[in-house]
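In our numbering, the protein residues as written are 16 to 179.
Where is the CB? At the ideal position from N, CA and C, for every residue including glycine.
Quantities reported herein were computed from a predicted structural model and do not represent experimental measurements.
See structure below.
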Amino acid sequence: MTSLASQLRNSGFLGDLPDELLDALAGIGQARVFPDGAIIFRQGDPATQLYLVVDGQVALEICAAAVGCKRVLTVGAGELLGWSPVLEQGRLTATARALRAVKAIEFDGAKLLEVCERNPRLGYEFMRRVALALAKRLSATRLQLVDVYGSQMPAVGDPRTMGG
Numbered sequence: 016m017t018s019l020a021s022q023l024r025n026s027g028f029l030g031d032l033p034d035e036l037l038d039a040l041a042g043i044g045q046a047r048v049f050p051d052g053a054i055i056f057r058q059g060d061p062a063t064q065l066y067l068v069v070d071g072q073v074a075l076e077i078c079a080a081a082v083g084c085k086r087v088l089t090v091g092a093g094e095l096l097g098w099s100p101v102l103e104q105g106r107l108t109a110t111a112r113a114l115r116a117v118k119a120i121e122f123d124g125a126k127l128l129e130v131c132e133r134n135p136r137l138g139y140e141f142m143r144r145v146a147l148a149l150a151k152r153l154s155a156t157r158l159q160l161v162d163v164y165g166s167q168m169p170a171v172g173d174p175r176t177m178g179g
């Protein structure tokens with residue numbers, strides 16, 4: 016097992032995968048370090064890379080002309096950063112900024128998808144974890160909305176919340 020595979024093992028995100036799957040991921044990963052305040056990626060940039068945070072903290076910010084940039088989430092060790100490439104999204108949906116020095120493993124999205132397609136078990140396990148991470152973030156966003164809007168939010172089943 017390589018040093019990068021050992022970091023993946025200890026990450027929490029992929030830690031319970033068999034060694035051969037971790038080795039396959041380590042073969043396409045690259046260790047990266049971002050100092051305090053560094054911009055890891057910007058909202059609107061092409062979605063080509065994704066990261067697994069090994070150590071440190073990252074602010075995810077959404078920027079809008081009328082209000083500037085607002086932090087919507089803080090990501091730490093064992094969490095995925097920049098998931099857009101594996102879902103084949105064209106552009107990144109947030110800006111990522113290191114709050115503390117960050118150690119991460121960087122993956123090229125296209126190479127990661129190729130490895131997942133060649134190894135269906137790895138693809139399933141990786142995408143399952145991406146789905147769980149996104150579900151966790153959606154839940155956090157919902158809690159933020161409740162904090163902001165409180166009783167003004169329509170109830171589940173209210174016609175205002177139905178698709179259309």
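Query                                                                                                                           : Result
Residue span of the alpha helix (DSSP H) that contains ALA20, given as start and end                                            : 18-25
CA nearest to the CA of GLY105, picked from GLU35, GLN64, LEU158, ALA150                                                        : GLN64
Among LEU67, GLU103, GLN58, nearest to LEU23 - alpha-carbon criterion                                                           : LEU67
Pairwise C-alpha distance: CYS131 and THR110                                                                                    : 26 angstroms
Reference GLN58, options TRP98, LYS126, VAL161, closest by Cα                                                                   : TRP98
Those residues which DSSP pairs with PHE56 across a bridge                                                                      : ALA111
For LEU65, the residue or residues it bridges with in DSSP                                                                      : PHE122
GLY93 versus VAL69, LEU75, LEU107, residue with shortest Cα-Cα distance                                                         : VAL69
Three-pair Cβ contact test at 8 angstroms for the stretch 22-36 versus the stretch 134-141                                      : yes
Buried/exposed call for VAL73, threshold 16 Cβ in 10 Å                                                                          : buried
PHE141, DSSP secondary structure in three states                                                                                : helix
Assigned secondary structure, GLY165 (DSSP; H/G/I helix, E/B strand, else coil)                                                 : helix
Beta-carbon gap between LEU19 and GLY44 smaller than 8 angstroms                                                                : yes
CB of LEU95 within 8 angstroms of CB of PHE28, strictly                                                                         : yes
Residues of its chain near ARG144, where Cβ-Cβ distance is below 8 angstroms and the 5 sequence neighbours each way are ignored : PHE28, LEU29, LEU95
Cβ-Cβ distance between GLY71 and LYS118 below 8 angstroms                                                                       : yes
Where the alpha helix (DSSP H) through LEU36 begins and ends                                                                    : 34-41
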